[in-house]
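If you count the sequence shown from 1, you need to add 21 to reach my numbering.
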Amino acid sequence: MPSIRCICIGAGAAGRAVLKALSRAHGFQCDLLIDRSRRGSHDLPIRRDVPKVLPDCELLLLAVQDRELPALVEELRHRSGPKPGVVAHLSAATPLAVLNPLQALGWQPALLHPLQSFPPDHSDLWEKEPHIPWWGLCGTEAATSMLSQLLDSLGAQYRVLDEKEQLAWHLSAVWVSNLLPALLEQALQLWAPERRGEMRSALLPIMSQTLRHQELAQASGQPAFSGPLRRGDTVSLRRHLDWLAEHGSTRAGLSYRLLSATLLELLESLGENPLAADPALRAELLALPRPDGRED
Numbered sequence: 022m023p024s025i026r027c028i029c030i031g032a033g034a035a036g037r038a039v040l041k042a043l044s045r046a047h048g049f050q051c052d053l054l055i056d057r058s059r060r061g062s063h064d065l066p067i068r069r070d071v072p073k074v075l076p077d078c079e080l081l082l083l084a085v086q087d088r089e090l091p092a093l094v095e096e097l098r099h100r101s102g103p104k105p106g107v108v109a110h111l112s113a114a115t116p117l118a119v120l121n122p123l124q125a126l127g128w129q130p131a132l133l134h135p136l137q138s139f140p141p142d143h144s145d146l147w148e149k150e151p152h153i154p155w156w157g158l159c160g161t162e163a164a165t166s167m168l169s170q171l172l173d174s175l176g177a178q179y180r181v182l183d184e185k186e187q188l189a190w191h192l193s194a195v196w197v198s199n200l201l202p203a204l205l206e207q208a209l210q211l212w213a214p215e216r217r218g219e220m221r222s223a224l225l226p227i228m229s230q231t232l233r234h235q236e237l238a239q240a241s242g243q244p245a246f247s248g249p250l251r252r253g254d255t256v257s258l259r260r261h262l263d264w265l266a267e268h269g270s271t272r273a274g275l276s277y278r279l280l281s282a283t284l285l286e287l288l289e290s291l292g293e294n295p296l297a298a299d300p301a302l303r304a305e306l307l308a309l310p311r312p313d314g315r316e317d
């Protein structure tokens, strides 16, 4: 793979993690890190502002928050410097069109989205092991060709996305990553505040175990479902719903029903019919509430 000189603008959690991961690729070199946030020292040559003349680079990486991208692109549009190469941003939630002003100058626009979470308060968790196993790519043919070669050299997996797939890709990641702590929190709120610390310790291992079971299911091709809904335990299911109606929040009851309905539909798509003996309960779970509080 030909050498790739990189300039990275932004040194937040995602930017630092991406640079650490890419730095393992043969021929990749970050010549300049521009960090206007003043987050501290780095191991790279660093500036606090965008120079009027940018150094030569093959990859210009924009690792700033989505809301900062339009202003940064406009600022870069007025900078001179190297022959345009690939300019990539990291957020799959932002359309490639945000880079149109730079594309008009000859830059090849791209999305380079790391499918991983980077909690800023726990940077030690991902800085020690910078490998990012999956990425999302989108952009011009020239841009995705260069970035795919870069990821191939890392042994990483990636998907070249159609622009229409970007938001679905991002939403999928948010669903199973960023919203997972909210699912845990809903379970903890079923308990008195003084018991939640103990319950967190008790529930985290079963969450990890469930994810391991899904990995085994992926490898074996056999589903790994369990629990009262899978075995058609209508007595337990009704007790859950009654308890939530009496003691739980409206949000907890709704969440339980929505997730149970999703699991039920999945089981039925696999040929199982766990609630065949209680069609009324099946109908209750599948009756989705509307925004006005009524049910379909």
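Heads up, the beta-carbon is just placed ideally off N, CA and C, and yes, glycines get one too. From a predicted model like this one, the values you see are computed outputs, not experimental measurements.
query	result
Spatial neighbours of A208 within its chain, please: C-beta separation below 8 Å, excluding the five flanking residues on both sides.	M220 and L224
What's the call for W156, buried or exposed, on a 16-neighbour Cβ count within 10 Å?	buried
For R303, report the span of its beta strand (DSSP E) as first-last.	Where R303 is concerned, there is no enclosing beta strand (DSSP E), although the alpha helix (DSSP H) it sits in stretches over P300 to L307.
Using DSSP with H/G/I as helix, E/B as strand and the rest coil, what is W212?	coil
With 16 as the cutoff for other CB atoms within 10 Å, does D56 come out buried or exposed?	buried
Note the first and the last residue of the continuous beta strand (DSSP E) segment covering D318.	Since the first and last residues shown for the chain are 22 and 317, residue 318 lies out of range.
Could you check the C-alpha separation between R248 and E293 for me, to the nearest Å?	It should be noted that the sequence gives Gly, not Arg, for residue 248. Computed Cα separation, rounded: 14 Å.
For a minimum of 4 consecutive residues, which ranges assigned as the alpha helix (DSSP H) are wholly contained in the region 115-184?	121-124, 144-148 and 162-175
Counting only the same chain and skipping the five closest in sequence on each side, list residues whose C-beta sits under 7 Å from that of L90.	L83, H110, T115 and V119
Indicate the three-state DSSP secondary structure (helix, strand or coil) for S247 in the structure shown.	coil
Would you report the Cα separation of Q233 and K185, rounded to the nearest angstrom?	The amino acid occupying residue 233 in the given sequence is Arg; Gln does not appear at that position. Roughly 31 Å separates the two Cα atoms.
Which of helix, strand or coil does DSSP assign to R69?	coil
Measuring straight from C-alpha to C-alpha, what distance separates L258 and L250?	7 Å
Please classify P300 as buried or exposed, where buried requires at least 16 neighbouring CB atoms within 10 angstroms.	exposed
From Q50 to S166, what does the alpha carbon distance come to, in whole angstroms?	18 Å
For Q230, does the count of other Cβ atoms within 10 angstroms reach 16, so buried, or fall short, so exposed?	exposed
Which residues bound the beta strand (DSSP E) around R26?	I25 to I30
The beta strand (DSSP E) with L275 in it runs from where to where?	That residue, L275, is in no beta strand (DSSP E); its alpha helix (DSSP H) goes T271 to S290.
Check whether the region 160-174 touches the region 185-199, taking contact to mean three or more Cβ pairs, one atom from each stretch, closer than 8 Å.	no
How many whole angstroms separate the CB atoms of L117 and P130, which I take to be in contact at a CB cut-off of 8 Å?	5 Å
Along the chain, where does the alpha helix (DSSP H) that runs through L40 open and close?	A34 to L43
Grouping DSSP H, G and I as helix and E and B as strand, with all else coil, what is A84?	coil
Who are the near neighbours of L262 in its chain, counting only those whose CB is closer than 6 Å to its CB and skipping five residues on each side?	none
Please work out which residues of its chain come closer than 7 Å, Cβ to Cβ, to S62, disregarding the five sequence neighbours upstream and downstream, and give them in chain order.	For S62, the predicted model reports a pLDDT of 48, less than 50, meaning its position is unreliable and no value from the coordinates is stated.
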